[in-house]
Amino acid sequence: MEANNAAGAIARPASRREGWALAIVVGGALVASGLNPTDRLTWFMEVVWVVIGLPLIAWRWSRFPLSLLLSCLLALHALVLIHGGAYTYAQTPLGFALRDAANAIGWEVTRNPWDRVGHFMQGFVPALLARELLLRCTPLRRGAWVTYLCIAAALSFSAFFELLEWWSALAFGADADAFLATQGDVWDTQWDMFLCLCGAIVSLALFSRVHDRQLGASGN
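With this note's numbering applied, the sequence shown corresponds to residues -17 to 202, in that order.
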């Protein structure tokens, strides 16, 4: 009963007040992160998605308000990016805390795992964003094809991001090392895309039903 009530509580579109609250949290974190980042170039390349996305969502909100679920997840994703940008992904305090917690329970983690978290979120949130856009803006209906396209969209974005990392390395050389955040792992690119895939699958498995209720409540 409690689980059903909790799901029902977020099964609706986000209100303007909730949207502004999330925007203030993200905007405040963005400003704070830019005051004294570890590496200014890395900070800019990591948070540019937030700098573009936040005003774009605000501009379109009156005509295209997002579901509460998607709004919250986009804000969470933005905070992950901002934290990584402020410290660089190899030096994030939350990443070190995760590493220490993993080692405390017997997992052997030697690197800062915040970039792994970031790439998991790179599939987790864009998959749901793609789902909302497909169901609200196209004739497609809920089902296997939509699920497939959402996963494909997340992986396509991940592949594009890997290309951006490659181009950054070519353009900036050693100055882009902090942005790449490979931490010596020769399989870093493959891990990035695999975690994106996992994030997309987990997101759709966990939230598709709640998302459907929200879209139904908003009339979409």
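Quick reminder that beta carbons are idealized off the backbone N, C-alpha and C, glycines included.
Notebook entry, point to check: In this structure, does DSSP put Pro37 in helix, strand or coil?
Noted result: helix
Notebook entry, point to check: What number of angstroms, rounded off, separates the C-alpha of Trp43 from the C-alpha of Gly88?
Noted result: 46 Å
Next item on the list: Taking only the alpha-carbon atoms, compute the straight-line gap between Thr92 and Trp31 and give it to the nearest angstrom.
Entry: 29 Å
Margin query: Quick check: the Cα distance between Pro47 and Arg118, rounded to an integer number of angstroms?
Written below: 11 Å
Margin query: Can you find the residues in the same chain that come closer than 8 Å, C-beta to C-beta, to Trp2, ignoring five residues on each side of it along the sequence?
Written below: none
Next item on the list: Could you give the DSSP three-state label for Pro75: helix, strand or coil?
Entry: helix
Note to self: Using 8 Å as the threshold, is the C-beta distance between Leu110 and Phe189 below it?
What the structure shows: yes
Next item on the list: Tell me Pro(-5)'s beta-bridge partners as DSSP assigns them.
Entry: Ser49
Check: Per the contact definition of three or more C-beta pairs closer than 8 Å, is the region 3 to 12 in contact with the region 44 to 63?
Finding: yes
Next item on the list: Compare the beta carbon distance of Leu186 and Ser49 with 8 Å and say whether it is the shorter of the two.
Entry: no
Next item on the list: Check Asp21 in the structure and name its three-state DSSP category.
Entry: coil
Margin query: To the nearest angstrom, how far is the alpha carbon of Trp25 from that of Gln73?
Written below: 12 Å
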